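Take a look at the structure below.
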Amino acid sequence: QVDYVPRQFLRINEPWRGRVRRDRVQSALDACETAARELAEVIGRDLVPLIETSNAEQQTRKVNRCHLEHDQRNNSLWLRHLPAAVAKRVQAEGLIDLKHPVDRYGKQIGDRWTTLAVETALDRYRVTSFQAG
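Its first residue numbered 203, the sequence shown is counted upward by one per residue in the working numbering.
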């Protein structure tokens, strides 16, 4: 169980989990779990405060709540429904370097948000889990 990372995301990236004896592939499993914990830490540091801030500001409005979305087609985790005002304010203050993510075809997705640190941690996790499988 890893905080902030959806269980389905872990299940898709680790199809071997539960089918392989831990003592046979200890180093690969440790590397994968370390990468997953680093991903959760970066998401908790960069994206969770944005989710909490935007949802606190949207309490009275009837709009879609900001949340962390697991895009299965692109095998990624992105922020969805982040208000433009919150994104502009965060970028102007320079607290977090938000950017629009790129899908598997290289096309920029305008209604989703991420940070460079989250994308780096995601790539590291995906590569480690692939190597462990």
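Here a beta-carbon is modelled for each residue, glycine too, at the ideal position from N, C-alpha and C. All of these numbers come straight from a predicted model, not from anything done at the bench.
Item, Value
"Own chain, CB closer than 6 angstroms to P303, minus 5 neighbours either side, in chain order", "W280, I311, R314 and T316"
"Beta-bridge partners of L281, as assigned by DSSP", "L270 and W315"
"Endpoints, the alpha helix (DSSP H) within which L212 is located", "R209 to N215"
"Alpha carbon of A238 to alpha carbon of A294, nearest angstrom", "30 angstroms"
"Stretch pair the region 226 to 233 + the region 244 to 261: three plus CB contacts closer than 8 angstroms", "no"
"Cα-Cα separation between L284 and A334, rounded to whole angstroms", "34 angstroms"
"Helix, strand or coil at L324 according to DSSP, with G and I counted as helix", "helix"
"Contact check, L318 vs K301, beta carbons under 8 angstroms", "yes"
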